[in-house]
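Sequence lines, in order, name chains V and F. Under the working numbering, the letters of the first sequence match residues 1 to 320, in that order. Under the working numbering, the letters of the second sequence match residues 321 to 570, in that order. Where a beta carbon is used, it is the ideal one built from N, C-alpha and C, also for glycine. Quick caveat, the model's predicted, so the values are computed rather than measured.
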Amino acid sequence: MSAQHMIDVQDLTKFYGRNPAIQGLNFHAVRGEVLGFLGPNGAGKTTAMRILSGYMPPTSGSASIAGYDVVEDSLEVRRRVGYMPETVPLYPEMTVHEFLAYLGALHRTPDLEDRIDEALEEVQLTDRTHSYIGSLSKGMRQRVGLAQALLHQPEVLILDEPTIGLDPAQIIEVRKMIKDLGRQRTVLLSTHILSEAQQVCDRVLIINKGRIVAGDTPENLQAQLAGADRLLVRAAAETGSLKELLEQQPGIVRVTGTGEEGAVEVDGTPGQDVRPEVARAIVHAGLDLLEMRPVGVSLEDIFLQLTREAEASESNGGER
Amino acid sequence: MAESANPMRNVWIIAAREFRQYFISPLAYVIAAMVFLILGGIFFINLYFGAQTGQINPDGRIVIGPLVTILVFVIPAITMRLLADEQRMGTMELMLTAPVRDWELVIGKWLGSFLYMLALLAVTWVYPLILHQLTTPGIDQGILVAAYLGLVLLVAAMLAIGVMISGLFENPIAALFTTLAVLLGLWILGGLGSGASTGSQIANYLSLVDHFYANLYRGVLDLTDIVYYLSLTALSLFVGSLIVQARRWR
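Pasting the structure below:
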């Protein structure tokens with residue numbers, strides 16, 4: 001079971017004092033998979049990654065990397081994980097080469113000199129091999145951090161916000177690199193940028209307030225959720241009466257105003273085309289239908305929807 | 321075989337980096353320059369007045385006495401950034417996610433600073449060498465060697481205390497002053513140990529420099545003193561490892 005799962009997490013919980021950072025996380029990842037943690041700042045992404053990289057133990061629950069428990073076999077876990085922390089801490093007074101040689105030695109990297117060259121090639125930093133880290137730009141430092149994580153050819157890569165602070169061209173490069181790496185290894189990355197999760201990840205875990213609120217492929221997340229077949233409807237009528245009218249139609253789940261007079265967004269039952277009903281209803285009511293078009297639902301909307309639902313159920317639970 | 325050689329290898333890798341780090345940081349050069357300047361001044365004054373009275377005291381420890389006082393102020397500056405800087409810069413996260421045991425990190429840091437101090441102490445040997453040339457029949461090498469052995473043990477213990485305290489802080493300056501306070505406290509403790517009561521005896525035993533001046537400095541090799549310094553070093557490094565470990569649970 002765990003031999004297949006490169007990352008296996010069960011009921012993982014971490015409290016800082018009395019505050020829960022993550023609560024009851026359950027997930028796994030296999031070789032050749034890029035798994036994304038998606039969530040707002042403070043959702044618990046970094047905490048989960050720190051536990052998986054062997055930096056800190058969980059309060060309860062368990063996690064294993066390649067079958068090794070992160071608490072019991074911490075050293076084995078740390079040998080197999082390449083970790084890039086969020087702020088990419090580096091030693092500014094060392095050169096890029098010195099830094100990589102130091103961490104590579106601690107990781108017992110075989111053929112270290114060759115690996116340093118390869119890793120720097122991968123992150124396109126060969127021309128700065130002997131520059132002091134303190135003199136590098138933020139984007140370059142980010143790439144040194146990435147080279148450091150790749151250096152010992154870990155089976156599992158854990159990257160905390162890997163594209164933050166990079167310029168657009170570099171972001172594209174790094175995303176492409178992560179996708180390539182994800183073919184043979186297991187990559188767990190965190191991001192709060194939804195389009196990034198959509199582009200890079202095979203599977204996305206949406207995490208909010210320390211809990212996983214949804215997990216699936218980006219495509220399925222979009223398909224399975226209400227709002228996948230959202231329509232924008234504009235008619236020569238008052239928003240209020242238009243809303244009232246459409247809400248009565250069968251197959252329509254929700255009608256929301258757009259802020260523009262006479263225009264609403266209509267959510268149908270997933271998988272059902274409600275356009276004929278909407279058009280008929282408006283015409284029968286003697287109104288003029290001005291516009292009707294599908295509006296794609298982005299991961300952004302799903303994310304907001306899910307986190308809002310999670311908050312709503314939480315406050316209901318509190319009242320009971 | 322390779323596995324069993326692992327722990328010392330990590331300690332050595334970390335120590336080597338710290339040792340090299342001293343030679344690229346201006347602070348270490350300033351400290352070394354200051355130490356040699358003060359010692360040189362003291363040495364010169366001794367020789368000058370010795371020459372005027374026609375009687376140069378052939379005591380090889382001419383610079384070791386004042387050196388101990390200087391070290392109490394120098395050691396905190398040497399150790400202040402060892403662990404505090406890793407915490408301040410966040411690189412502790414890299415160290416603690418590398419396959420390195422917490423104690424390997426602490427001992428490696430300590431060993432790096434110890435090697436630097438050994439280099440510094442080795443240079444101070446120049447003064448007794450000069451003195452040996454100037455006097456007949458020369459200086460007592462036995463006492464000198466014992467005094468230097470004591471000095472090395474004393475330095476090892478003070479550095480270990482400094483590394484341990486550096487682990488408590490993110491700010492090197494806070495580590496500097498706390499270490500200074502602790503070292504001075506352990507020194508002053510000897511003053512309380514002048515009586516004959518049990519408390520005095522305990523204070524006397526715990527005093528950092530009494531073990532040095534009472535025996536090793538006089539050329540007396542007593543196992544009690546050696547054990548005292550070695551256990552103080554080991555205990556400080558052990559507590560330092562616990563402090564690093566506790567950071568994980570935060």
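Residue range 346-373 is occupied by the alpha helix (DSSP H) that includes residue 354 of chain F. The way I'd put it, the stretch 126-140 of chain V does touch the stretch 93-105 of chain V; three or more beta-carbon pairs between them come closer than 8 Å. Straight through space, the alpha carbons of residue 198 of chain V and residue 219 of chain V are spaced by roughly 8 Å. Taking residue 454 of chain F as the centre and dropping the five residues before and after it, the same chain places the C-beta of 376 closer than 7 Å to its C-beta, in chain order.
In the structure shown, residue 104 of chain V falls within a helical segment according to DSSP collapsed to helix, strand and coil. Straight across, the Cα-Cα distance linking residue 233 of chain V with residue 261 of chain V is about 11 Å. Taking 7 Å as the cut-off, the beta carbon of residue 552 of chain F is found no closer than this to the beta carbon of residue 487 of chain F. Here residue 273 of chain V is exposed: its Cβ has fewer than 16 other Cβ atoms, across all protein chains shown, within 10 Å. Ranking V/35, V/9 and V/307 by CA distance to the CA of residue 204 of chain V puts V/35 first.
Under the three-state reduction of DSSP output, residue 418 of chain F falls in the coil class, being neither helix nor strand. Per DSSP, residue 161 of chain V is not a residue of any alpha helix (DSSP H), being assigned neither H nor E.
Within the DSSP secondary-structure output, residue 264 of chain V pairs in a beta bridge with V/233 and V/257. The three-state reading of DSSP puts residue 185 of chain V in coil, since its state is none of H, G, I, E or B.
For a Cβ distance threshold of 7 Å, residue set 106 of chain V lies close to residue 420 of chain F, ordered along the chain. Contact between the stretch 350-362 of chain F and the stretch 384-404 of chain F is present, with at least three C-beta pairs closer than 8 Å. At a C-beta separation below 8 Å, residue 330 of chain F has these neighbours in chain V: 106.
The residues 82, 119, 122, 123, 157 and 181, in chain order, have a CB closer than 8 Å to that of residue 150 of chain V in the same chain once the five nearest residues on each side in sequence are set aside. In this model, residue 512 of chain F and residue 505 of chain F are separated by some 11 Å (Cα to Cα). Within the stretch 234-267 of chain V, no residue has its Cβ closer than 8 Å to any Cβ of chain F. Contact check for residue 252 of chain V against residue 240 of chain V fails: the beta carbons are separated by 7 Å or more. Per DSSP, the continuous beta strand (DSSP E) segment holding residue 13 of chain V begins and ends at 5-16. In this structure, the straight-line span from the alpha carbon of residue 333 of chain F to that of residue 411 of chain F is close to 16 Å.
The C-beta of residue 78 of chain V comes closer than 7 Å to at least one C-beta of chain F.
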